[in-house]
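Working notes, structure below.
Protein chains: 4
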Amino acid sequence: MKVGFVGLGAMGQGMAAQLLKAGHTVTVWNRSPAPVETLVAEGATAAKSARALAAKCDVLISMLPDDHSVHEVLVASKALEALPKDSVHINMATVSPGLARALGALHDGLGSHYVSAPVLGRPDVAAAGKLNIIVSGAPAVQERVTPVLEALGQRLWPVGDAPERACVVKIAANFMLATAIESMGEASALTRAYGIDADTFLEIVTSTLFAAPAYQGYGKMIREARYTPAGMKMAWGFKDVSLALAASQERQVPLPFAGVLRDSLLDAMAHGDADKDWAALAETAARRGNLDAR
Amino acid sequence: MKVGFVGLGAMGQGMAAQLLKAGHTVTVWNRSPAPVETLVAEGATAAKSARALAAKCDVLISMLPDDHSVHEVLVASKALEALPKDSVHINMATVSPGLARALGALHDGLGSHYVSAPVLGRPDVAAAGKLNIIVSGAPAVQERVTPVLEALGQRLWPVGDAPERACVVKIAANFMLATAIESMGEASALTRAYGIDADTFLEIVTSTLFAAPAYQGYGKMIREARYTPAGMKMAWGFKDVSLALAASQERQVPLPFAGVLRDSLLDAMAHGDADKDWAALAETAARRGNLDAR
Amino acid sequence: MKVGFVGLGAMGQGMAAQLLKAGHTVTVWNRSPAPVETLVAEGATAAKSARALAAKCDVLISMLPDDHSVHEVLVASKALEALPKDSVHINMATVSPGLARALGALHDGLGSHYVSAPVLGRPDVAAAGKLNIIVSGAPAVQERVTPVLEALGQRLWPVGDAPERACVVKIAANFMLATAIESMGEASALTRAYGIDADTFLEIVTSTLFAAPAYQGYGKMIREARYTPAGMKMAWGFKDVSLALAASQERQVPLPFAGVLRDSLLDAMAHGDADKDWAALAETAARRGNLDAR
Amino acid sequence: MKVGFVGLGAMGQGMAAQLLKAGHTVTVWNRSPAPVETLVAEGATAAKSARALAAKCDVLISMLPDDHSVHEVLVASKALEALPKDSVHINMATVSPGLARALGALHDGLGSHYVSAPVLGRPDVAAAGKLNIIVSGAPAVQERVTPVLEALGQRLWPVGDAPERACVVKIAANFMLATAIESMGEASALTRAYGIDADTFLEIVTSTLFAAPAYQGYGKMIREARYTPAGMKMAWGFKDVSLALAASQERQVPLPFAGVLRDSLLDAMAHGDADKDWAALAETAARRGNLDAR
Chain A
0 MKVGFVGLGA MGQGMAAQLL KAGHTVTVWN RSPAPVETLV AEGATAAKSA RALAAKCDVL
60 ISMLPDDHSV HEVLVASKAL EALPKDSVHI NMATVSPGLA RALGALHDGL GSHYVSAPVL
120 GRPDVAAAGK LNIIVSGAPA VQERVTPVLE ALGQRLWPVG DAPERACVVK IAANFMLATA
180 IESMGEASAL TRAYGIDADT FLEIVTSTLF AAPAYQGYGK MIREARYTPA GMKMAWGFKD
240 VSLALAASQE RQVPLPFAGV LRDSLLDAMA HGDADKDWAA LAETAARRGN LDAR
Chain B
0 MKVGFVGLGA MGQGMAAQLL KAGHTVTVWN RSPAPVETLV AEGATAAKSA RALAAKCDVL
60 ISMLPDDHSV HEVLVASKAL EALPKDSVHI NMATVSPGLA RALGALHDGL GSHYVSAPVL
120 GRPDVAAAGK LNIIVSGAPA VQERVTPVLE ALGQRLWPVG DAPERACVVK IAANFMLATA
180 IESMGEASAL TRAYGIDADT FLEIVTSTLF AAPAYQGYGK MIREARYTPA GMKMAWGFKD
240 VSLALAASQE RQVPLPFAGV LRDSLLDAMA HGDADKDWAA LAETAARRGN LDAR
Chain C
0 MKVGFVGLGA MGQGMAAQLL KAGHTVTVWN RSPAPVETLV AEGATAAKSA RALAAKCDVL
60 ISMLPDDHSV HEVLVASKAL EALPKDSVHI NMATVSPGLA RALGALHDGL GSHYVSAPVL
120 GRPDVAAAGK LNIIVSGAPA VQERVTPVLE ALGQRLWPVG DAPERACVVK IAANFMLATA
180 IESMGEASAL TRAYGIDADT FLEIVTSTLF AAPAYQGYGK MIREARYTPA GMKMAWGFKD
240 VSLALAASQE RQVPLPFAGV LRDSLLDAMA HGDADKDWAA LAETAARRGN LDAR
Chain D
0 MKVGFVGLGA MGQGMAAQLL KAGHTVTVWN RSPAPVETLV AEGATAAKSA RALAAKCDVL
60 ISMLPDDHSV HEVLVASKAL EALPKDSVHI NMATVSPGLA RALGALHDGL GSHYVSAPVL
120 GRPDVAAAGK LNIIVSGAPA VQERVTPVLE ALGQRLWPVG DAPERACVVK IAANFMLATA
180 IESMGEASAL TRAYGIDADT FLEIVTSTLF AAPAYQGYGK MIREARYTPA GMKMAWGFKD
240 VSLALAASQE RQVPLPFAGV LRDSLLDAMA HGDADKDWAA LAETAARRGN LDAR
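Chains as they are written, first to last, in numbering that gives the first Met the number 0: chain A, 0 to 293; chain B, 0 to 293; chain C, 0 to 293; chain D, 0 to 293.
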């Protein structure tokens, strides 16, 4: 299968490399050229444009950061229109349910296919091919691209036909990550006000009840009060919580925790933390209680 | 060491049995007699009253359900006044920081010692001696009771001198449990509104990012929509969140998530769910979005 | 001055009539024809299109329901491009700060002027020319259109140059209306749970501390539990709170009450109340406490 | 009728003076002596103790600041036991529903009567005899004390028999005051972020939609950023919101706005504002958005 890959950021670069290791023929394109060179050195072919790349794919994988860039790179550029009939576009980034639906309809009209396949896992996991991949799309199409996805993930999690379904699962999972951070932040602020430092408190809970990757990863940052370099910048976290709020609005499902998160994230950004990791929500929780001045 | 044990509920009974297995001499007392008989059959001695029991202890362990029962069974009854000089009272239940401070002061006046040692773990973990035990109290006294606590727990987590410290850690950990449930409830309501059932969604997140005991235990209840028999009744959960709110008030630390939890728990109880497991907060989240009527 | 008026809904119709009474020459256009006929009978001239209308105006007033309709009726139609040089467009509806900025820039490029002038007041107030009008725009331009605005309002409230300023004041005022409703709803639910009906409670507070139009108007609906016909539909109220949330995001100002309102409004709409007056938030507050079942 | 008055703070002093002006025979007692001297100069008789005062009353009015002081001054002192048979105790302060019920039962046992009559109005209104008085208690007893209450208030608002009812109305009204302040604070923070100062914004809304005493009084403080001397200290405001939360818990009625208020008040107090007027919640709203640093 000829695989095209567009969007070679921290995640995408490792994923494309992993496809090469698995023996796939991979063509790549990226808005900035550096990662293209790296991948060419590893065996990939460089395309001159997203549109040129699309024209030669059986499978086009995109890993672009947000709705806007998907629109710009693949839709407005008419790249998708260049795809061969019956080819498949797999969008592995986190986008809105609305965009997923729109892309599904667009491909229907073009005679190509759309699969949503957002992933759980950070860049190191991506580079190791150990992602968890949530997949929605027509079952027969999902089946066709399974060999490609299996090169990237330790497990595929199919969640049905409708293209927005996998998006919503990803959005809901990221919302849960944000709640885990806020929860650690608030709980650490409370215990700190009683003289117990965050390092002690979070070691206890993340070694026991909350011995899970999400808590241990972000918990480590909070324990060390080290929020740069950011794995997930506050501003991106805000974008993800906004996606949850938009989905909750679309289907009229109140999400009280998301409202709290929205305000904590705005508070953090208003205090200059937009580029810190969103684990720095713990600092916002401490500031509410004026803990640094005690 | 002669150990007295008061409060033989689901947790206490397994803990007292574990002390017997570890070779300690254990005298027990309980407000209702059935568990006393069970433990006597396993080698314990029955005391006629809490006060009679206290009079013969090197170490008195109490595992009573709330502040009120501690006051009634141990303080108003003058049981603590019967303790030998230099003996130690270990309170292993979840009580308020205020009560911990008051008990610490009371023991100081009586010439006995007070150690806070609340636990993380459910009854089956208690019966296996595998609890995680958070401990605060004078270091020398902590050291003296370590052999007793080691019979009950897989690990001790010392958090300092002040008696309320261990309480606050436990209260904060339970607050985090409540946030984990609410988070799963809200996220499941959102994904369900897009056609993905809770079983599918929660299998994904609790197998990956949230592969931790707290999420897997409560997640299982939500996936199966089975909230009885309750491990932690909604009404007890409300009591625990109220302890977090009281602590946050005492030290003036805002806890926005706790305010949301308070309302969700009240909503649940107003709808007849006081005796369900607090994992049924997921039903409250679904009700807010009227999902059953869709 | 030749005045054009676009957007003859419940508000706009009374405002245009008021301009005629004040002796202005008024040309009107509307997407649905009925209100045009009424106004022609009162002395207005009908234009064939928004663009035709714009071509003949010294002052163009628009009272269109939301950002989308402004874009469609005035921008996409190229109506604004037809405005004579140095003419003034007064937007008296509630739109987003972003749209106000965009329209300001658009008019700068076209050689025409833009004034934001959203209003406080319901249709009967509009028809009586007693609106309160919040105005932002270049001072000299504000001055030029003062005679027109004075025909519509009992008082003008200038808030500076930037076109989005008046929008934000209006959005913030509507946010305050929503909080007043939610506050009455929650307080009435609480007192009702103690046996005091909403009619008794709200009579007391709206006759004393809260003897203000906002409280008395919405309080009457809650006291009578009569939410149709809607003055402000729940769905429009949601749109207005969403504008507050968007503004709060744009400038990174947390608004915790807006988050609560968002969820209460979603809850209401999920329960079928989208077309009721947003005073029906009181029913949502009662439902949270299951009061109807007590 | 012989009237005894206990609790001569800022409110009580003016109320007792008003009773004297109305021609009642008034005996007074207070924990600190200064206001007693003032009232004796105006014609009151001083009692040596609350108990001595109670022994000579047809009607005992208390205006003590909280549950604790009522308990100490009237219950623990056995003052209430000294009341003549069939006399009436009117509690005009804001206390918890639980205390109102307990006092009702206590008086039933003693052969005296209990009326709850909390008031709406600040000290100047009290001194002018223009309070609004919410009354609950047995109808025949309410009738007997009407002449006394009419000397103090411009209007009586009866809300039924149960002693806690009037308390809950007062608590709910104070909760609404707090929401009005928070609403002005959040809305002012938002508009300020767009360059409109609080003075301008609040003049508009408190002259129009929100032209009510509550908004104008607190609005003035926020417009002038002058929070001392406090009419209602932040710490007392917290006590009142806590009463609302306790009532909401007792009857299982979620109050999401009260949760937000609780956190804003804690944030304010953690930042040193406990003695400022609670209108200073506006500063907390601004701090969340870091407005002073912009």
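Glycine residues also receive a C-beta, built at the ideal position from the N, C-alpha and C atoms.
Residues that residue i contacts on chain B, provided the C-beta gap is smaller than 7 Å
{"i": "Thr-199 of chain A", "result": "Val-158"}
Beta carbon proximity, residue i to chain D, threshold 7 Å
{"i": "Gly-97 of chain B", "result": "no"}
{"i": "Ile-195 of chain C", "result": "yes"}
{"i": "Leu-265 of chain B", "result": "yes"}
{"i": "Pro-212 of chain C", "result": "yes"}
Beta-carbon neighbours of residue i, restricted to chain B and to distances below 9 Å
{"i": "Gln-251 of chain A", "result": "Ala-192, Gly-288, Asn-289"}
{"i": "Pro-64 of chain D", "result": "Neighbours of Pro-64 of chain D on chain B: none; closest Cβ ~18 Å, over 9 Å."}
{"i": "Gln-248 of chain D", "result": "Phe-237, Ser-241, Arg-261, Leu-265"}
Contacts that residue i makes with chain D (C-beta to C-beta distance below 7 Å)
{"i": "Met-268 of chain B", "result": "Gln-251"}
Reference residue i; option with closest CA among the options
{"i": "Ala-213 of chain C", "options": "C:Glu-181, C:Ala-257, C:Lys-20, C:Asn-289", "result": "C:Glu-181"}
{"i": "Ala-273 of chain C", "options": "C:Gly-230, C:Ser-247, C:Leu-151, C:Ala-126", "result": "C:Gly-230"}
{"i": "Ser-135 of chain C", "options": "C:Ala-99, C:Lys-129, C:Ala-150, C:Arg-121", "result": "C:Ala-99"}
{"i": "Thr-93 of chain B", "options": "B:Gly-184, B:Ala-278, B:Asp-266, B:Gly-6", "result": "B:Gly-6"}
{"i": "Arg-261 of chain B", "options": "B:Arg-286, B:Tyr-217, B:Tyr-226, B:Thr-178", "result": "B:Thr-178"}
{"i": "Met-233 of chain C", "options": "C:Ala-278, C:Phe-200, C:Arg-143, C:Leu-244", "result": "C:Ala-278"}
{"i": "Ile-170 of chain D", "options": "D:Leu-102, D:Pro-32, D:Phe-237", "result": "D:Phe-237"}
{"i": "Leu-59 of chain C", "options": "C:Ala-192, C:Gly-159, C:Arg-50", "result": "C:Arg-50"}
{"i": "Ala-21 of chain C", "options": "C:Leu-148, C:Ile-89, C:Ala-81, C:Trp-28", "result": "C:Leu-148"}
{"i": "Ala-127 of chain C", "options": "C:Met-183, C:Asp-107, C:Ser-111, C:Leu-151", "result": "C:Leu-151"}
{"i": "Lys-84 of chain C", "options": "C:Ala-53, C:His-67, C:Leu-102, C:Asp-65", "result": "C:Ala-53"}
{"i": "Pro-334 of chain D", "options": "D:Asp-107, D:Val-27, D:Thr-283", "result": "It is not possible to answer for residue 334 of chain D, since the shown part of chain D is limited to 0 through 293."}
{"i": "Ile-89 of chain A", "options": "A:Glu-71, A:Ser-111, A:Ala-246, A:Lys-77", "result": "A:Ser-111"}
Helix, strand or coil at residue i according to DSSP, with G and I counted as helix
{"i": "Phe-209 of chain A", "result": "coil"}
{"i": "Ile-60 of chain A", "result": "strand"}
{"i": "Asp-276 of chain A", "result": "strand"}
{"i": "Lys-55 of chain D", "result": "coil"}
{"i": "Ala-45 of chain B", "result": "strand"}
{"i": "Arg-154 of chain A", "result": "strand"}
Chain B contact for residue i (CB, 7 Å cutoff)
{"i": "Leu-280 of chain D", "result": "no"}
{"i": "Ser-182 of chain A", "result": "yes"}
{"i": "Leu-151 of chain A", "result": "no"}
{"i": "Leu-105 of chain A", "result": "no"}
Any C-beta of chain A under 7 Å from that of residue i
{"i": "Asp-262 of chain C", "result": "yes"}
{"i": "Thr-178 of chain B", "result": "yes"}
Proximal residues of chain D, C-beta to C-beta of residue i below 9 Å
{"i": "Val-259 of chain B", "result": "Pro-255, Gly-258"}
Chain C contact for residue i (CB, 7 Å cutoff)
{"i": "Glu-80 of chain D", "result": "no"}
{"i": "Leu-73 of chain D", "result": "no"}
{"i": "Thr-145 of chain D", "result": "no"}
{"i": "Leu-119 of chain D", "result": "yes"}
Neighbouring residues, chain C, relative to residue i (Cβ below 7 Å)
{"i": "Glu-163 of chain D", "result": "Tyr-193"}
Interface partners of residue i on chain A, CB under 9 Å
{"i": "Asn-131 of chain B", "result": "Ile-203, Ser-206, Thr-207, Leu-208"}
Chain D contact residues for residue i, given Cβ-Cβ distances below 8 Å
{"i": "Met-175 of chain C", "result": "Ser-182, Met-183, Ala-186, Val-204, Leu-208, Phe-209"}
{"i": "Val-167 of chain C", "result": "Leu-189, Thr-190, Tyr-193, Ile-195"}
Neighbouring residues, chain A, relative to residue i (Cβ below 7 Å)
{"i": "Ala-171 of chain B", "result": "Ala-186, Leu-189, Thr-190, Phe-200"}
query = Which parts of the segment 66-144 of chain D are runs of the alpha helix (DSSP H), unbroken and 4 residues or longer, counting only runs that do not cross its ends?
reply = Within the segment 66-144 of chain D, the complete alpha helix (DSSP H) runs of at least 4 residues fall at 66-69, 96-109, 122-126.
query = Whole alpha helix (DSSP H) runs in the segment 7-32 of chain A with 4 or more residues, listed along the chain?
reply = Secondary structure in the segment 7-32 of chain A: the alpha helix (DSSP H) runs of 4 residues or longer, each lying completely within the stretch, are 9-20 in chain order.
query = Considering only residues of the segment 185-266 of chain D, which uninterrupted alpha helix (DSSP H) runs meet the minimum length of 4 residues and lie entirely inside it, listed in chain order?
reply = DSSP runs (the alpha helix (DSSP H)) wholly in the segment 185-266 of chain D: 197-206, 212-223, 233-249.
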